[in-house]
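Numbering (the working numbering), first residue to last: 1241 to 1439. Every residue gets a Cβ at the ideal spot worked out from N, C-alpha and C, and that includes glycine. Since the structure comes first, as structure tokens, the remarks are kept for the end.
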């Protein structure tokens, strides 16, 4: 049974500063105090699942256990159709360590060129998982359809944002005003579902 998320502290189980910023933008207007795993100096668990929801739950469960507070995690990535859905759940790994998303974006472009693909359709997927201290869990998935472009454009987003143009738009997520992106992104889609169910 779905339960309501009480207003108060919510641990954002992510070490990605861009995600933390977006989660704060989404949750603080509805009365949640978002505290990140970075601020709490939590360890980053190994993401061993092959699905967005599986990895989101790993992170949320670890943060909930460490803090005793409800925890929210986002696992998200870019799926490129001509690459069989890659980089997908391994989106961050494509950027290497330390993470360099220019390398990851270039890798996508190189593979598309090598494959001779003309189809550049892609989507961003976001899965939000909420875990409570008593073990209750809820998962919500959002998507935004679009295509990948080259070269990268804009410096307002993070990750693959500079090479992704949402359907019906001309700007990349990297060029787009953050408020406009938040209103239409995969994370916003997942949040809308979470909000309708939990808030």
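Query	Result
List, from N- to C-terminal side, the beta strand (DSSP E) runs of 3 residues or more that fit wholly inside the stretch 1256-1280.	1272-1276
For the alpha helix (DSSP H) holding residue 1332, just list the boundary residues, first then last.	Unbroken run through residue 1332: none, as it is neither H nor E.
Within its chain, find whatever has a CB closer than 8 Å to the CB of residue 1395; leave out the 5 residues flanking it on each side and keep chain order.	1402, 1414
Which partner residues does residue 1315 have in the DSSP bridge list?	1367
Apart from the five residues just before and just after residue 1418, which ones in its own chain have a Cβ nearer than 7 Å to its Cβ?	1396
Could you tell me if residue 1259 is buried or exposed, where buried requires 16 or more neighbouring beta carbons within 10 angstroms of its beta carbon?	buried
Can you give me the start and stop residues for the beta strand (DSSP E) that residue 1388 sits inside?	1377-1388
Starting from residue 1250, trace the alpha helix (DSSP H) in both directions and tell me its first and last residue.	Note, residue 1250: premise wrong, no alpha helix (DSSP H); beta strand (DSSP E) at 1248-1252.
Starting from the C-beta of residue 1361, find all residues in its chain whose C-beta is less than 7 Å away, skip the five residues before and the five after it, and write them out in chain order.	1321, 1387
Pick helix, strand or coil for residue 1309, following the three-state DSSP scheme.	coil
If you count every other CB in all the chains shown that lies within 10 Å of the CB of residue 1426, and 16 or more means buried, which is it?	buried
From this set, 1429, 1266, 1329, 1303, which residue's C-alpha is nearest residue 1375's C-alpha?	1303
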